[in-house]
Structure formats: C-alpha cells, structure tokens
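Taking it in order: structure first as structure tokens, then the write-up.
In the UniProt record's numbering, the protein residues as written are 1 to 137.
Structure (structure tokens):
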C-alpha cells in the first residue's frame with residue numbers, strides 16, 4: 001500500500017489553493033475571515049468537501065450567509081483551481097462549516113472551568129483544615 005493516496009495529495013493541494021483564492025479573489029463584503037480547515041476528496045475525484053471556519057463567528061445566521069457566499073463562488077473557485085492545478089477533472093466543491101474548532105474551544109473552556117473550580121475547592125478545604133487544626137489532605 002502506498003503511503004500517500006492520490007486523493008490525499010489532491011485534497012492537500014486544494015486546501016492550499018482555496019485558502020489563498022478565498023482570501024484574495026472572492027470579493028464579497030459579506031464574507032468574513034474564512035479559514036479552510038480541511039478538505040476531503042471522493043475516491044473518484046468527483047467531489048471535494050471543503051470544511052471552513054469563520055474567525056470569531058458563532059452566529060448561525062452569519063455562518064449560513066458565509067456558506068451561501070462560498071457556494072455561489074464555487075464555480076469561479078473551481079475555474080481558478082483548474083488554471084492552477086493540473087487535473088483532468090476538477091472536483092465539484094461542496095462547502096461545510098467545520099464545527100470541530102468551535103466544539104474544541106467549548107471543551108477547552110469547560111476543562112479550564114473545572115480545573116479552576118477544583119483548585120478553589122482544594123484551597124477552601126486546605127483553609128478549613130488549617131482552622132480546625134487537622135492535617136491537610
């Protein structure tokens with residue numbers, strides 16, 4: 001088995017090209033700061049699923065609006081990719097919001113909250129143990 005499949009190489013190249021194209025070529029004022037977080041390509045190279053995140057955006061309506069802008073720009077982006085990457089057939093682009101980053105941030109803040117709560121509880125236990133003359137745990 002080969003180490004890197006062709007679909008993985010195409011996906012990596014698409015991710016690099018799309019990141020630049022979206023930032024520099026898509027001239028729509030409604031489009032926020034879009035980051036291409038990942039690309040997966042179907043085995044027959046017919047479709048590319050592009051996962052994007054929006055800097056600082058968690059509002060469902062804004063996310064939807066940004067995805068609409070990207071979907072409308074898909075034909076243009078695809079034609080630009082055809083000029084930049086040597087492929088017999090450029091995959092159809094499908095845009096999706098990548099929720100993993102938002103979910104990761106939420107989990108991280110929950111962990112931070114749990115750690116600080118635990119630390120505060122430990123300090124409180126130590127303080128009450130000092131007052132009663134008990135040995136701290």
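Note that the Cβ used here is the ideal one computed from N, Cα and C, for glycine as well.
Worksheet item: Is there contact between the segment 108-118 and the segment 52-63, where contact requires at least three CB pairs shorter than 8 Å?
Response: no
Worksheet entry | residue 41 vs residue 49 beta-carbon contact at 9 Å | Judged by their CB atoms, residue 41 and residue 49 are nearer to each other than the 9 Å cut-off.
Worksheet item: Going by Cα to Cα distance, which pick from 94, 102, 55, 130 is closest to residue 47?
Response: Looking only at 94, 102, 55, 130, the smallest Cα-Cα distance to residue 47 is reached by 94.
Fill in: DSSP-derived helix/strand/coil call for residue 49
Assignment of residue 49 by DSSP, reduced to helix, strand and coil, places it in the strand class.
Worksheet item: How is residue 103 classed by DSSP in three states: helix, strand or coil?
Response: helix
Discussion item. On the criterion of 16 or more Cβ atoms from any shown chain inside 10 Å, does residue 138 qualify as buried, or is it exposed?
Written reply: Residue 138 lies beyond the stretch modelled for the chain, which goes from 1 to 137, so this question has no answer here.
Item to complete: With distances taken Cα to Cα, identify the nearest neighbour of residue 74 among 5, 14, 37.
Response: 14
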